[in-house]
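To keep things clear, I will list the structure first and then write my remarks on it.
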Amino acid sequence: MGHHHHGHGHGHGHGHGQDHAHGHDHDHEHEGAGPDLAVDTSIPDTELSPGQLSRRTMLRGAGLLGAGLAGSTVLAGAAAADPDRAQPRQPRAGYQWLAGDHHIHTQYSLDGRYRVIDQVRHGRNYGLDWMVITDHGGTTHARIGVEKIHPDILAARKDVPDTLVFHGMEWNVPAAEHGTVIVHPGGDGEVAVLKEFVNNYDGILKNALSSTPANETLAIAGVNFLADAVKRKRVEDILFLANHPARKGWDSPHELRNWRDAAPHIAVGMEGAPGHQAAGIPKPHGPGLFRGYYDASPGPDSWPGYPLESFRTYGGFDWMTSTVGGVWDSLLAEGKPWWITANSDSHTIYADAAVRGPGGDFDRDGKWPDPVHGGAPDLNEVDFFPGYYTRTHVGATDFSYSAVMNGIRAGRVWVDHGALIAGLDIQLRTTGHGLQHQATLGGTLTARRGTPLELVITIDQARLPNWAHFVPKLARVDVIQGKVTGPVTDRDASTAPDTKVVKAFEVGGQPGKVHFVYRIGALDGPLYLRVRGTDGNRQAVGLRGAAVDPHGPAMDVPHDADPWKDLWFYTNPIWAVPV
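Below is the structure:
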């Protein structure tokens, strides 16, 4: 495949937050389009013009700059803000939406098979702009794997230069499930920090997987170690995201909150949908297992508050995300950032004919031999190649490692399965007289109490066939709205009683771009909105009842859940706060 599938030209833009030193002129004030330098926290104060610096100081004082960085909420100090200046306009034109995947395994995982270059070339050819290689932490990885894989990652960066390849790992989080750790490239820190981290904080190495207070404390210490590595400039940046959070019931609501609150700029979210999406393809054409490998039941380390329904996927999405008014919404209702992503968790590929090469010794070599052609396609494998089915779209200010990490941290992220849609633009904006303010995914709109608001949704519908060779048809778009009620007193709160589907737009077969406007009315209290969409093939009343979610995703059927027949997209929230 050629390079033409990318919807952006690499190398243009102003390079905010890029990997090189900021030698260029930051003094031009951005008006209208383009990112607002004052809110780009990757740019130090010293490089702002006096006007931008005073604006940043005002935003910081109002608690509106990097709500996550201070561990505060979108509510903090909003009353001090000047609504005519607090909201920069950042229209879609200001971002390149870069598709990626932060959960990918290789021959350096005990349960993996492919070379780094195999996964990267596949991902690029299936339309991805960035990928994170996340081989499992554990004894062998800690001893030799981290160093041994690094030259392969450097080579992939060189051989596939139009793709950003991060060196990450899949952390066995003490007392919890897995998580992705993403490290910004550069220098020796990349390997050194990951190696020290896995040796000191990996749940398998430390025999710390059971659900005890001491092990939960070790996990928080691990998150703090990552934050400290950035603070001490051992590496430029790090992110941590919880993977398949509801799969075994091990990630309790209080653990999610504790990671987030320990380092809100490091622990920023969770997988809204797990990988292993081919697992549900029925026999004889597929493995006939549970979609996402979500086949567990409550065990001794599961949080006892989780119902049986939480151990299954819904339209391929994790129960925490797919339940309107559920765990994810309970976190958002606090007014604190907690974002969703979606990934392949690619280990071994459905219908692929490659097999592990002969004569390997994983413990000795830290990896398996390179794959070889095995002859017959294996219909019992459960994964797709990166980009083939699942995409995480990040709004980035330019094509750089920093811009992708900053976009994820800012919550400028939406996810989809099966290329259900080609693109989207969502703006929350004020209506009526005076200066118009707006915010997009992950952002906060501040406006005077009583100001009328509207949510403007523009969707580029799929025009080209996906990798299952059909053009997906979007049937419905749902707007979900909830009140921001502030930090919880019960750290295990897992519901948001005020959150519900407030509007459903039927798409009705019109081709090309579709445009929907949801009028929210007067802003009388802090709120958030998020959006999801579906092909309409499978739906059910949501787990919190028809008044909350009349047409939600249905629980996936064990052994019979073809992922291509039940497609959804989800966005991260936009907040609105009256001042």
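For reference, each letter of the sequence shown is one residue, going 16 to 594 in the working numbering.
Even for Gly, the Cβ is constructed at its ideal location relative to N, Cα and C.
Helix, strand or coil at residue i [DSSP, three-state]
| i | result |
| --- | --- |
| Y585 | strand |
| G237 | helix |
| N187 | strand |
| K280 | Per the sequence shown, residue 280 should be read as His rather than Lys. Coil. |
| G548 | strand |
| R406 | strand |
| L209 | helix |
| I355 | strand |
| K382 | coil |
| D571 | coil |
| V499 | coil |
| E286 | strand |
| E231 | helix |
| R247 | coil |
| L179 | strand |
| G295 | helix |
| Q453 | strand |
| I168 | helix |
Delimiting residues of the beta strand (DSSP E) encompassing residue i
| i | result |
| --- | --- |
| M146 | W145 to I148 |
| A368 | D367 to V370 |
| F255 | I253 to A257 |
| G160 | Per DSSP, G160 belongs to no beta strand (DSSP E) and is neither H nor E. |
| L443 | I436 to T445 |
| V89 | No beta strand (DSSP E) contains V89, which DSSP labels as neither H nor E. |
| Q476 | P467 to Q476 |
| L113 | Q111 to I119 |
| H460 | Reading off the sequence, residue 460 comes out as Leu, not His. Taken as a continuous stretch (DSSP letters only), the beta strand (DSSP E) holding L460 covers T459 to A462. |
| D344 | Segment V342 to L347 is the alpha helix (DSSP H) holding D344; no beta strand (DSSP E) there. |
| I197 | H193 to V198 |
Chain-order list of residues whose beta-carbon lies under 6 Å from that of residue i (same chain, five-residue window excluded)
| i | result |
| --- | --- |
| Y123 | D150, G160, I164 and K382 |
| E205 | H182 and V198 |
| P593 | R464 and L538 |
| R139 | V175 and T178 |
| G410 | Y110, W112, G422 and R427 |
| H362 | H120, D126, G127 and D398 |
| P480 | V486 |
When the options are compared against residue i, the one with the closest alpha-carbon
| i | options | result |
| --- | --- | --- |
| Y365 | L443, G290, D243 and I219 | G290 |
| D310 | Y329, P299 and P319 | Y329 |
| G183 | F485, M420 and T473 | M420 |
| Y533 | A519, L542 and G540 | A519 |
| P512 | M285, K210, S267 and G341 | G341 |
| Q554 | D575, R491 and L271 | R491 |
| P279 | R262, R547, P176 and L346 | L346 |
| V556 | P565, G548, L209 and Q292 | P565 |
| P487 | T121, T232, Q525 and F531 | Q525 |
| G188 | A171, K173, M146 and M285 | Going by the sequence as given, residue 188 is Val instead of Gly. Considering only alpha carbons, the answer is M285. |
| V154 | A294, N215, R128 and R427 | The identity of residue 154 in the sequence shown is Thr, whereas the question assumes Val. The residue with the shortest Cα to Cα distance from T154 is N215. |
| W429 | S415, P588, S325 and D276 | P588 |
| W318 | R547, Y308, S267 and G331 | S267 |
| A612 | E469, A391, Y308 and G374 | The requested residue 612 does not occur in the structure, where the chain is confined to residues 16 to 594. |
| D133 | L558, S325, F399 and D378 | F399 |
| H269 | D505, V147 and L439 | D505 |
| F212 | T455, T461, K515 and F255 | F255 |
| K515 | E231, G560 and I119 | G560 |
| K298 | W145, T336, D393 and T232 | D393 |
| D360 | T61, D126 and L209 | D126 |
Where the alpha helix (DSSP H) containing residue i begins and where it ends
| i | result |
| --- | --- |
| M420 | Y416 to R424 |
| T336 | W334 to S337 |
For residue j and residue i, believed in contact at Cβ under 8 Å, the rounded distance
| i | j | result |
| --- | --- | --- |
| H448 | W583 | Incorrect: roughly 38 Å between the Cβ atoms, too far for contact. |
| E396 | P322 | Wrong, their Cβ atoms sit about 31 Å apart, outside the cutoff. |
| A288 | D344 | A288 to D344, Cβ: 16 Å. No contact. |
| I235 | W186 | With a Cβ gap of about 13 Å, I235 and W186 do not count as contacting. |
| G201 | E251 | 6 Å |
| L224 | A190 | 7 Å |
| N239 | G194 | About 14 Å separates the two Cβ atoms, so there is no contact after all. |
| P578 | Y404 | 6 Å |
| I253 | I281 | 6 Å |
Close beta carbons around residue i, own chain, < 7 Å, minus the five adjacent residues each side
| i | result |
| --- | --- |
| A425 | G457 |
| G320 | D507 and S509 |
| A88 | Note that residue 88 corresponds to Thr in the displayed sequence, not to Ala. Only A82, E349, G350, K351, G501 and P502 meet the Cβ criterion. |
| A576 | G295 and R306 |
| L90 | G350, V499, G501, P541 and V592 |
| G152 | M184, E185, W186, N187, V213, D217 and I219 |
Own chain residues within Cβ distance below 8 Å of residue i, not counting five before or after
| i | result |
| --- | --- |
| G372 | W383, P384, D385, P386 and V387 |
| K528 | T473, I474, D475 and Q476 |
| V143 | The sequence shown places Leu at residue 143, not Val. Correct list, in chain order: A114, G115, D116, T178, P401, G402 and R406. |
| G314 | K263 and G264 |
C-beta neighbour in chain D for residue i, strict 8 Å
| i | result |
| --- | --- |
| A157 | Judged by its chain identifiers, the structure shown contains no chain D, having just a single protein chain. |
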